[in-house]
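Number of protein chains: 2
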Amino acid sequence: MTIQERKKKILAEVYEAGSLSVFELADKMAASPATIRRDLHEITEQGLLVRTHGGAMKPDNAVITGFSDKKVQRHEDKERIAQEAATLVDDGDTIFMDCGSTVFQMCTHLKKKANIHVITNSLPVLAELIDVPSIRINLIGGELDKKRRAVHGQKAIEHIHGYHAAKCFIGVDGISAENGLTAHSEHESGITSAYLQNASQAILLCDSSKIGRDSYIKFAKLSAISCLITDGGIEEQTKKALKAKGVAQLIVV
Amino acid sequence: MTIQERKKKILAEVYEAGSLSVFELADKMAASPATIRRDLHEITEQGLLVRTHGGAMKPDNAVITGFSDKKVQRHEDKERIAQEAATLVDDGDTIFMDCGSTVFQMCTHLKKKANIHVITNSLPVLAELIDVPSIRINLIGGELDKKRRAVHGQKAIEHIHGYHAAKCFIGVDGISAENGLTAHSEHESGITSAYLQNASQAILLCDSSKIGRDSYIKFAKLSAISCLITDGGIEEQTKKALKAKGVAQLIVV
DNA sequence: GTTCATTTGATTACTTTTGATCAAAATTTG
DNA sequence: CAAATTTTGATCAAAAGTAATCAAATGAAC
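From first to last, the protein sequence lines are chains Y and V. Count along the first sequence starting at 1, add 9, and that's the number in our numbering. Count along the second sequence starting at 1, add 9, and that's the number in our numbering.
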């Protein structure tokens, strides 16, 4: 094995495992720890790996990510919702993903899919999926919302209109039978509307705290929603009301 | 077997296998290692293969061999160039920044500027500047080039045409008096052209190894360049030739 | 068939890479 | 916070690989 081949393999192994020790690598490569250290030194200089005491780690794009490490509220509910949503993605699909935290949690489950194409305005989604070989990514361009770690604005909306996807995965600030989908920021609602208009199916990921709650910008009717995925805290009556207003399918996890 | 036939076969075998040792090739070709080395030397000169200690590899159209190695190699030159380039940015400016490694190094120096607006297709630039309060960022959208950590493609080019900036800061693969600016990828050259067309001034950051070197896609004339910043390794004669062809200003750091 | 240029493989000196050793530095433990 | 342990990086000799040189082999031109 030549040096370049070995380095490539080290890179692949560490990316696969997340992190490995010098000795584990020495084993895998059939080389001495001294050699591995030398290799790691060079790979690290290129910034492709992060050296740790005793080994090396895959660099995480923490700077871009921002909220991916933060503690997400209602984490467990959202996790179940995201997992369910991911099952709706078929191999080969092109999908829109918005910048909500529940949608973000689909990423882990998407890594197992083959050959999917993700179009997103979310930097955390980007950061999480950028190193997955089976996933192609298109990034929505436009003004950067630093706090939300997402792209938004007029240009972004125009840009979304230049694409079509089989499915869009979105979150909202509020949803009710009376007012449909609502948001508390025009930036947010503009992007979500654009996704809705350019996808064949709309999947709304929405923990039950948002259901029956209204925010102040009404931006879409419930009939726009092909599938609403939510958690247990939803009453039978509410379900019926939502379905009556046009939510095609309702999944409770 | 003629020399040409053998070389062709070597190329085919290495491309098939990804990489092969000199001895493996000697075996396959029924030739001595000395002959294989000579062949590899010539093939490598054409850039069709990458020589490794002990063998040869299919060229890796990316980060591992390309950009990051160079970044480390001429780091100090590039740092000086980037620093000089940053002095050309005025408070309040809107600037384009491309995805070159030298351009990236401007980031550190930009943090001190007040109220600037950066439009970029480079994820490293994005990551570096995202948390700087005095800098607004617009991200160019489009297809994601994972290896280059940048956005490119037709949509990206269209997107750039939707903006105007006072200055663009760009890198190139090659520049010469005869052929102007050259690149080795259409993705790259397309983006750079778009920046050139939509900025009032073009500042080219270019270490001296690129000067006098030509890559194969000619995409802009020297008269498009308002300012070329380079390091010491440039001859007086070359300077004159570049200026004669239209480079408005030439700064050597 | 001789001459001349090219190509080849062997020999050589030289460079790079490797793993072992060991003191210094970093980390963990008491 | 100091001792014990682990990890590291520098150094060096051995091994592996390379580039240069040269003579033999090939083959084209006359």
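We put the beta carbon where it would ideally sit given N, CA and C, even for glycine. The structure displayed is predicted, hence computed values, not measured ones.
- In this structure, the CA atom of residue 130/V is about 43 Å from the CA atom of residue 14/V.
- Taking a contact to require three or more Cβ pairs closer than 8 Å, the region 146-156 of chain Y and the region 134-153 of chain V qualify as touching.
- With contacts defined by Cβ atoms closer than 8 Å, residue 180/Y and residue 111/Y form a contacting pair.
- When the beta-carbon positions are compared, residue 12/V and residue 94/V stay at least 8 Å from each other.
- Only exposed fits residue 225/Y, as fewer than 16 other CB atoms lie within 10 angstroms of its CB.
- When DSSP states are grouped into helix, strand and coil, residue 234/V belongs to the coil group.
- In the three-state DSSP reduction, residue 173/Y falls in the coil class, being neither helix nor strand.
- For residue 198/Y, the uninterrupted alpha helix (DSSP H) segment begins and ends at 195-206.
- Taking a beta-carbon distance threshold of 8 Å, residue 199/Y does not count as an interface residue toward chain V.
- Chain V places a beta carbon closer than 8 Å to that of residue 153/Y, counting this residue as a contact.
- Taking a cut-off of 8 Å on C-beta distances, the region 176-191 of chain V touches the region 200-218 of chain V, as three or more cross pairs fall below it.
- For residue 209/Y, the secondary structure class from DSSP, reduced to helix, strand or coil, is strand.
- Within the model, the alpha-carbon separation for residue 168/V versus residue 128/V is close to 11 Å.
- DSSP, reduced to helix, strand and coil, places residue 258/Y outside both helices and strands of the structure shown, so it counts as coil.
- Spatial neighbours of residue 260/V in its own chain (CB-CB distance under 8 Å, excluding positions within 5 residues in sequence) are listed in chain order as 93, 236, 237, 238, 239.
- Distances from the alpha-carbon of residue 195/V to those of 227/V, 247/V, 25/V, 101/V put 227/V closest.
- Annotated three-state conformation of residue 128/Y is strand, per DSSP.
- Take residue 183/Y, set aside five residues on each side of it, and the residues of its chain with a beta-carbon closer than 7 Å to its own are 191, 219, 222, 223, 224, in chain order.
- The DSSP-derived three-state label of residue 95/Y is helix.
- Straight-line spacing of the CA atoms in residue 193/Y and residue 20/V works out to 60 Å.
- For residue 110/V, the uninterrupted alpha helix (DSSP H) segment begins and ends at 110-113.
- Listed in chain order, the non-local C-beta contacts of residue 109/V below 6 Å within the same chain comprise 180, local neighbours out to five positions each way being set aside.
- Under the three-state reduction of DSSP, residue 83/Y is assigned to coil, being neither helix nor strand.
- Taking C-alpha positions only, residue 160/Y is separated from residue 229/Y by approximately 21 Å.
- Put simply, of 137/Y, 242/Y, 98/Y, 113/Y the residue whose alpha carbon is nearest the alpha carbon of residue 123/Y is 98/Y.
- If the five residues before and after residue 114/V are omitted, its C-beta is found closer than 7 Å to the C-beta atoms of 87, 88, 91, all from its own chain and listed in chain order.
- Listed in chain order, the non-local C-beta contacts of residue 83/Y below 6 Å within the same chain comprise 216, local neighbours out to five positions each way being set aside.
- For residue 54/Y, there is no enclosing beta strand (DSSP E); the residue is found in the alpha helix (DSSP H) stretching over 42-54.
- The three-state reading of DSSP puts residue 161/Y in strand, counting E and B together.
- A residue is called buried once 16 or more other Cβ atoms fall within 10 Å of its Cβ, and residue 42/V, having fewer, is exposed.
- Annotation for residue 61/V: the continuous beta strand (DSSP E) segment containing it runs 59-61.
- For residue 150/Y, the closest Cβ of chain V is nearer than 8 Å.
- According to the DSSP assignment, residue 15/V belongs to no beta strand (DSSP E) but to the alpha helix (DSSP H) extending over 12-26.
- Remark: C-beta atoms of residue 199/V and residue 166/V approach each other more closely than 8 Å.
- Within chain Y, 11, 12, 13, 14 have C-beta atoms less than 8 Å from the C-beta of residue 61/V, given in sequence order.
- As far as DSSP is concerned, residue 38/V takes part in no beta bridge.
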